[in-house]
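Residue numbers (UniProt numbering): 1 to 168.
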Amino acid sequence: MEVAKNIDILVLVLRLLATSLLVLTACLVALDSETKIVFDVIVKKATFRDLNILFVLVWIDSAAAAYNVLQVLRCCVFSGPKVDKNLAWLCYLLDQAVAYIVFATSSAALQGSLFAVTGNSHFQWMKLCNIFTRFCFQIGGALICGFVACLVLLAISSVSAYTLFRLY
């Protein structure tokens, strides 16, 4: 009984941490913009909408944060000694799916951001981070938060698997 209560507290803390990191990632990316004057004539503005995967990252991280908030509410409302196997399976599968989707989106955003850092001479894409340095540093910080959130989601999935398989 004491172990189950400790696991519930651990899951609650991990979910709140994951939610905070996911919201921080989404806000850092969505609110990041930088405006520069190029060649003393052209005004260029860099936002997260310039790279489609950053737009997707904001939505995926927001959805994952909302899922974790719903799971926190479920933990608070239905925290009893009896655990339904079907609910445990559903939570396990959803935790796995959220962890994998957030990791895949963060990895794709990292790959897309590397094109902004290095450019690509074959496609004649210039290095954008030479111009928009603050924007690139902020996106880099957001990606670090996103990958830390992935590690926390991995821990949540592990605890969810433990919770499920101890029922058998």
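Glycine is no exception: its CB is placed at the ideal position from the N, C-alpha and C atoms.
Report the rounded CA-to-CA distance for residue i versus residue j, giving the unit in angstroms.
i       : j       : result
Ala-99  : Ala-65  : 11 Å
Val-11  : Ile-37  : 48 Å
Val-13  : Ile-131 : 40 Å
Ala-116 : Leu-151 : 25 Å
Thr-7   : Val-159 : Per the sequence presented here, residue 7 reads as Ile, with Thr not at that position. Roughly 8 Å between the two C-alpha positions.
Asp-84  : Thr-118 : 51 Å
Ile-9   : Ser-113 : 37 Å
Ala-155 : Glu-2   : 20 Å
Val-56  : Ala-108 : 10 Å
Leu-128 : Ala-97  : 33 Å
Thr-133 : Phe-39  : 17 Å
Should residue i go down as buried or exposed, given a rule of 16 or more other Cβ atoms within 10 Å for buried?
i       : result
Leu-54  : buried
Leu-73  : exposed
Val-23  : buried
Tyr-67  : buried
Ile-139 : buried
Val-43  : exposed
Leu-90  : exposed
If you measure between the beta carbons of residue i and residue j, is that distance less than 8 Å?
i       : j       : result
Ser-157 : Asp-95  : yes
Tyr-92  : Ala-161 : yes
Val-58  : Ala-30  : yes
Val-69  : Thr-19  : yes
Leu-28  : Cys-145 : yes
Leu-110 : Leu-143 : yes
Ala-149 : Leu-16  : no
Ala-88  : Leu-167 : yes
Check each candidate in the options and name the one with the smallest Cα separation from residue i.
i       : options                         : result
Ser-106 : Leu-153, Leu-16, Leu-17, Leu-73 : Leu-153
Phe-135 : Thr-35, Val-23, Glu-2           : Thr-35
Ala-46  : Arg-166, Ser-33, Thr-133        : Ser-33
Thr-25  : Gly-141, Tyr-168, Leu-167       : Gly-141
Phe-147 : Asn-86, Arg-49, Ile-101         : Ile-101
Phe-48  : Asn-86, Phe-137, Arg-166        : Phe-137
Can you confirm whether residue i, when its beta carbon is compared against all beta carbons of chain D, has any partner nearer than 8 Å?
i       : result
Phe-132 : The chain inventory of the structure shown lacks chain D, comprising one protein chain alone.
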